[in-house]
Amino acid sequence: MDKVSATAAEAVADIADNASLAVGGFGLSGVPNVLIEAVHARGVSGLSVVSNNCGVDGGGLGVLLAAGRIARVTGSYIGDNREFARQYLGGELEVELVPQGTLAERLRAGGCGIPAFYTPAGVGTQVADGGLPWRYAPPADPGAPEGAARAVAVPSPAKEVRAFDGRDYVLERGIRTDFALVRAARGDRHGNLVFRRAARNFNPLAAMAGRITVAEVEELVEPGVLDPDAVHVPGVFVQRVLELTPEQAAAKGIERRTTSAPVTQGTV
142 MDKVSATAAE AVADIADNAS LAVGGFGLSG VPNVLIEAVH ARGVSGLSVV SNNCGVDGGG
202 LGVLLAAGRI ARVTGSYIGD NREFARQYLG GELEVELVPQ GTLAERLRAG GCGIPAFYTP
262 AGVGTQVADG GLPWRYAPPA DPGAPEGAAR AVAVPSPAKE VRAFDGRDYV LERGIRTDFA
322 LVRAARGDRH GNLVFRRAAR NFNPLAAMAG RITVAEVEEL VEPGVLDPDA VHVPGVFVQR
382 VLELTPEQAA AKGIERRTTS APVTQGTV
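All you need for this note's numbering is the position in the sequence shown, starting with 1, plus 141.
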């Protein structure tokens, strides 16, 4: 029952080329950075990643993206990651953009053994009708401006739409991946996990969706310490646990730092 891996390299040692990964986090909150760095160090490529977003330039999944290790992304948000946008628009990367709530439910459904479900999100749009650009063709003119029209090489397929009680719903598939990488605030040797506030985000859903789930934890405790009612992900979903060093646990990026001007004495 002791699921603790001695090192990050050991925890990800069987992640191979062309593997699929569900990765927790939102922006840079709750991102399993140590495990991502270990995957990067393995040198694997052709990865299919399922995550809300792909980190930022130089941070989170952006590390794998910049190294050309990711072939396909299923996510909800490109954001400020210019390398993500460049690879997508340049035809180097296949991207399936999914409504955020639908992505969350697809991960949860996969983890619960539900192969598909119906949702009203996306009905009447290209999400249901097909034609979203999953992959663009490489630009015919490499010097074309950034906003120039691009040919679509791989469009999204149409999905089944069915009416229930007079309302249309689109069929969405549950997601299962070869591996899942998540980060938790606390975990025990049996794999039970607790997340802290906003860092919970997509982590429990990603953990459920992976056939082999690896969790890096900021604090490792012995079995029985965690209150069972406080556990967010039970150990049945987690196969490996990595205890972070205090330095690794404290290293948390801020995607966009916002500060205010200091208040001078006497001002209201």
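Backbone N, C-alpha and C fix where the C-beta goes; we use that ideal spot for every residue, glycine too.
(request) Identify which residue in I156, R303 and T399 has its Cα closest to the Cα of V264. (result) What you label residue 264 is simply residue 123 of the sequence shown in a count that begins at 1. When each option's Cα is compared against that of V264, the closest is R303.
(message) Going residue by residue through the segment 198 to 242, where are the continuous alpha helix (DSSP H) segments of at least 4 residues, counting only ones entirely within it?
(response) 203 to 207 and 223 to 230
(message) Using the Cβ count rule (16 or more neighbours within 10 Å means buried), how would you classify T400?
(response) By 1-based counting over the sequence shown, the position of residue 400 is 259. Flag for T400 reads exposed.
(request) Excluding the 5 residues preceding and the 5 following G168 in the sequence, name in chain order all residues of the same chain whose CB lies nearer than 6 Å to its CB. (result) For the purposes of this step, residue 168 is taken as the residue at position 27 of the sequence shown. So the qualifying residues of the chain are E396.
(request) Assuming V268 and P240 form a contact by the criterion Cβ under 8 Å, report the distance between their Cβ atoms to the nearest whole angstrom. (result) To locate residue 268, count along the sequence shown from 1; it is residue 127. To locate residue 240, count along the sequence shown from 1; it is residue 99. 7 Å between Cβ atoms; contact.
(request) Kindly indicate which three-state DSSP category P369 falls into: helix, strand or coil? (result) Taking the first residue of the sequence shown as 1, we reach residue 369 at position 228. Note: P369 maps to helix in three-state DSSP.
(message) Assuming the contact rule is C-beta atoms closer than 8 Å, V185 and A160 should be a hit. Round their C-beta distance to whole Å, please.
(response) Taking the sequence shown and counting its residues from 1, the one referred to as residue 185 is at position 44. Taking the sequence shown and counting its residues from 1, the one referred to as residue 160 is at position 19. 7 Å between Cβ atoms; contact.
(message) Distance check for A289 and E151, CA to CA, integer angstroms please.
(response) For the purposes of this step, residue 151 is taken as residue 10 along the sequence shown, with counting starting at 1. For the purposes of this step, residue 289 is taken as residue 148 along the sequence shown, with counting starting at 1. Spanning the two alpha carbons is a distance of roughly 45 Å.
(request) For the alpha helix (DSSP H) holding I177, just list the boundary residues, first then last. (result) By one-based count along the sequence shown, residue 177 stands at place 36. Unbroken alpha helix (DSSP H) run through I177: N174 to R183.
(request) May I ask you to list the residues that DSSP assigns as paired with S192? (result) For the purposes of this step, residue 192 is taken as the residue at position 51 of the sequence shown. Looking at the DSSP assignment, S192 forms no beta bridge with any residue, so it has no partner.
(message) Using 8 Å for Cβ pairs, my map puts E359 next to A390. What's the rounded Cβ distance?
(response) Reading the sequence shown from its first residue, position 218 is the one you call residue 359. Reading the sequence shown from its first residue, position 249 is the one you call residue 390. Correct: roughly 4 Å between the Cβ atoms.
(request) Please report how far the alpha carbon of W275 lies from the alpha carbon of A292, in whole angstroms. (result) Mapped onto the sequence shown, residue 275 falls at position 134. Mapped onto the sequence shown, residue 292 falls at position 151. Rounded to the nearest angstrom, the two C-alpha atoms are 11 Å apart.
(message) Let's test the definition: count the other Cβ atoms within 10 Å of the Cβ of T215 and tell me whether it reaches 16, buried, or not, exposed.
(response) Working through the sequence shown from its first residue, we reach residue 215 at position 74. With 16 or more other Cβ atoms within 10 Å, it is buried.
(request) Check whether the Cβ of G165 lies closer than 7 Å to any heavy atom of the ligand GTP, and answer yes or no. (result) Among the components modelled here there is no ligand, and therefore nothing to report on the ligand GTP.
(request) Can you give me the start and stop residues for the alpha helix (DSSP H) that P345 sits inside? (result) The residue given as residue 345 occupies position 204 in the sequence shown. Segment N344 to A350, the alpha helix (DSSP H) holding P345.
(message) In the DSSP output, which residue or residues are listed as bridge partners for I353?
(response) For the purposes of this step, residue 353 is taken as residue 212 along the sequence shown, with counting starting at 1. DSSP output for I353 lists F320 as bridge partner(s).
(message) Measuring alpha carbon to alpha carbon, tell me which residue in I255, D319 and Q228 is nearest G351.
(response) Residue numbering aside, residue 351 sits at position 210 when the sequence shown is read from its first letter. Of the candidates I255, D319 and Q228, the one whose C-alpha sits nearest the C-alpha of G351 is D319.
(request) Below 6 Å CB to CB, which residues in the same chain sit around A163 once its five sequence neighbours on both sides are set aside? (result) As a position in the sequence shown, residue 163 is number 22, starting the count at 1. If we look at A163 and ignore the five residues flanking it on each side, its Cβ neighbours are V191, T318, A321, A347, A350 and G351.
(request) Report the residue from F336, G394 and V355 whose alpha carbon sits nearest the alpha carbon of D368. (result) The sequence position of residue 368 within the sequence shown is 227, counting from 1. Looking at the Cα atoms, F336 is the closest of the given residues.
(request) Leaving aside the five residues before and after H373 along the sequence, list all residues of the same chain whose C-beta is less than 7 Å from its C-beta, in chain order. (result) Walking along the sequence shown from the start, residue 373 turns up at place 232. L334, V335, F336, R341 and P345, listed in sequence order.
(message) What would DSSP say about D282, mapped onto helix, strand or coil?
(response) Translated into the one-based positions of the sequence shown, residue 282 becomes position 141. It is coil, neither helix nor strand.
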